[in-house]
Each structure stands twice: as C-alpha cells, then as structure tokens.
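If you read the sequences in order, they're chains P and X.
Numbering of the first sequence is given in the working numbering, commencing with residue 776 and proceeding in unit increments.
Numbering of the second sequence is given in the working numbering, commencing with residue 582 and proceeding in unit increments.
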Amino acid sequence: MKKMNRKAYIFLIDAIFALVILVIGFMIISSKTTTDFSDTPLLLTTNNVVDLLSTLKINEMCTGCVCSYNLISNYCQTDFIKNKDSTVFDYLGELYYRGYSTKAALVFSNITSDFYRKDLFGIELKINSAQIYTDTGKDSTFELISRKKVIFGFYEDPSTGDIKFWGPYILEVNVWPK
Amino acid sequence: MTFVVYLFALSIFFFALKDALSGDPKLKVKSEDIFNKFTGTELLFNKLSNVYDEDYGFLESSRIKNFDSLLSKYNPIAGYELYFKNFDNTAFTKIDYCIFLEELSGQNKKVIRNIAAYRNGTQDYSIEIIAGTKCGANKFTQYTNAEPKCKIENADLLLLTKPVLFNQNIVNLKVLMCAERK
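Written as structure tokens, this is what we have:
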C-alpha cells in the first residue's frame, strides 16, 4: 500500500512538472509578437506582372511594326517576331525555343521595368527552370512569391512554310522585396 | 528506463521550441487591414472587368476599351451605382471615387483620363461638375502635381493600381477612394 502511495506521489509530481513546462512553453510562444506583414504590395506586383503579360498580345502594342516599345518595333522589323498574335509570355517562350534567351530577357525587362519599382522589388523569370532574367537580392530574401504558367504556341517558318509548334514550357515568375 | 524516455521527450520539446523561436519567423501573419487592401484590389478590379453595360463597361481583363466613348455619356452617379455600390461601407458618411489612367513613367506622371463617381445626394455638386465629371473638380479631391489627392481632413484614403493596356500603351489604371469617417 505504501509503495502504491509513493508511486502516486511520483506520478503527481511528474504531471505537475510537465504542466509547468507546458505553461512556460505556451507563455513564451504567445508572447512572441509577429512582425508586420509587408508583402501586400509584393502580391499585387506579382499579380500585376503575371496578369498583364499573360493576356497582352504583341499585336495589341503595335500597328504593323510600329510598337509602343522601340525594342519590340526593332524585333518586329528584323523578323524576330514570328507570331504577333501571341501573348507576351508566349512570345518569350517562342524566343526561348528559338535559342534567343538573351532577347527574351531584354523584352521582359523592357516591358516590366516601368510597372514595378526596381528599388523595392526584384523579379526573376525562368522558362523550363532555365533562368532567363533576374534582378539582384534573391538569395538574401526571406519572402518570395512565385507564379507559374504553362505556355505553348506555334509560328510559321516563312522560308519553308512549315508550322513549328513549341512547348509546353513552364514559365515561372518570382518576385521578392529588396 | 521511464526516466530516459521522459528526458528524451523533454529534449524534443525544447529542441522544437528553440527552432520555433530562433531567427525571423518565416511565416508571417498579415494584419487584417493590409489583407483587406489586397482582397479589395482583387475584388474591385474584377468588378470593373465585369460591368456588363454597353456604355459603362471599360475594362476587359487588362485592357481599357471604349473609355473615350464612355466619357461622352458618363454620369458619376450612374458610375457609382455600377462600379462601387457593392463596396459601400457604413463606417463612412461620404465616399468619393476617382478612376484615372496615368502614364507609367516620366517625372510628372501625366493623368491621361479621369472620371469621378459618388453617391447620389451626399454632395452638393454643381451641374457643371456633373457634366464635366472630372475628379478634382469636386469637394473631396484635387490635383497636386497632376495626381488626384484626397483633400478633406479626417478622411481615409485608398489608392489601388493595376497596369493595363490603353491605346497600345501600358498605363496604370488607378482608383482613388476618399472617404469621410462618421
């Protein structure tokens, strides 16, 4: 009987000890304040980039080969745009397929540079996991928002008249605060 | 043996606690008002994209269409009914809205087009202002450096932005809300 009583005391002390530890743990966790969440502009910037470039078509920015961006006009006149009825994202995919990743980076940075603040945000563009364009600061960021789209398309090769199909590729846009 | 297991459990607990508290938390909880700004932006621009009115529908996804023909027929009270009525907030006595298109770049970003919208009977607007429909011509908003600003005191201000295509150019579609608290 005495032995049983001693066991009960041990279990009681054990339970109280565990309870104290749990209470201290929860007190520490609940006293830890969360830092201010600053990524609302980040979400909006990401959505703006993806929404616009996935709906905007090249021919909507141009009349013939006269476009609102000089770079696009230049590419149009020098036959670097095969299918003007494609969206900007699709055009980037077309350039990637044809081996002009540098030109794709230039188009992306040219169009997006005005609608996000380069001093506040960094953007990276990847197609099929290959980095096409990136700003600095990605490695040191704690917040990053990623959006992915599947892109595919076609264009006509004027020399042979063949229709070339490309894709599907995964296009990825990553945005982070600086 | 029990004591060893007990120590092991305790060590796991403290190990997990240490990891949870060390450094900057990776997952941050957003404050409610900021979250509302994000969802508000999404909802508002979705609403503007889904105005099925021949004269007043001007936004299609990321494109501005028929804005100039809209301006010729526009009435700010009808604009309010179609665009903003669903976002009415009883915390405010008056809300003025200004929809404007602004250049993306340039030192003084030029406002290309603008229209006002407001509730019927809440303002003493003159006939000229209703006919002109310019934001900045009414009591609540004015232009400072070519950009509409909320000019009343004790006002809540919200400016929502979305890049869109207008006449072959990418411009910013902005909606300024200027609300007087009760």
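All residues carry an ideal CB built from backbone N, CA and C; glycine is no exception.
Being a predicted model, the structure only gives us computed values, none of them experimental.
Subject >> Below-9 Å beta-carbon distance, P/Phe719 vs any chain X residue >> reply: Residue 719 of chain P is absent from the structure shown; chain P starts at 776 and stops at 953.
Original post:
Rounded to a whole number of angstroms, what is the C-alpha to C-alpha distance between P/Thr853 and X/Gly621?
Top reply: 44 Å
Original post:
Beta-carbon of X/Pro657 versus every beta-carbon of chain P: anything under 9 Å?
Top reply: no
Original post:
Helix, strand or coil for P/Met836 per DSSP?
Top reply: coil
**OP:** Please check if any C-beta of chain P sits within less than 9 Å of the C-beta of X/Lys654.
**Re:** no
Subject >> Sub-9 Å separation of P/Lys953 and P/Thr916 beta-carbons >> reply: Cβ distance < 9 Å, so P/Lys953 and P/Thr916 count as in contact.
Original post:
Using a Cβ-Cβ cut-off of 6 Å (strictly less than) and excluding sequence neighbours within five positions of P/Thr898, which residues of its own chain qualify?
Top reply: In the sequence on display, residue 898 of chain P carries Ile and not Thr. Excluding sequence neighbours, P/Ile898 sits near Asp910 and Val950.
Original post:
Would you say P/Asp826 faces chain X, with C-beta separation under 9 Å as the test?
Top reply: yes
Original post:
Which residues mark the beginning and the end of the alpha helix (DSSP H) in which P/Asp865 is found?
Top reply: Val863 to Tyr872
Original post:
Closest Cβ-Cβ distance between X/Ser643 and chain P: below 9 Å?
Top reply: Closer than 9 Å to the CB of X/Ser643 there is at least one CB belonging to chain P.
Original post:
Taking DSSP as the reference, what is the three-state secondary structure of P/Val925?
Top reply: P/Val925 carries a strand assignment under DSSP once its states are collapsed to helix, strand and coil.
Subject >> Between the CA atoms of P/Ala790 and P/Lys782 - distance to the nearest angstrom >> reply: 12 Å
Subject >> Beta carbon proximity, P/Ile796 to chain X, threshold 9 Å >> reply: yes
Original post:
Would you say P/Glu835 reaches chain X, if we count a Cβ-Cβ gap shorter than 9 Å as a contact?
Top reply: yes
Original post:
Is the Cβ-Cβ distance between X/Leu682 and X/Leu754 less than 9 Å?
Top reply: yes
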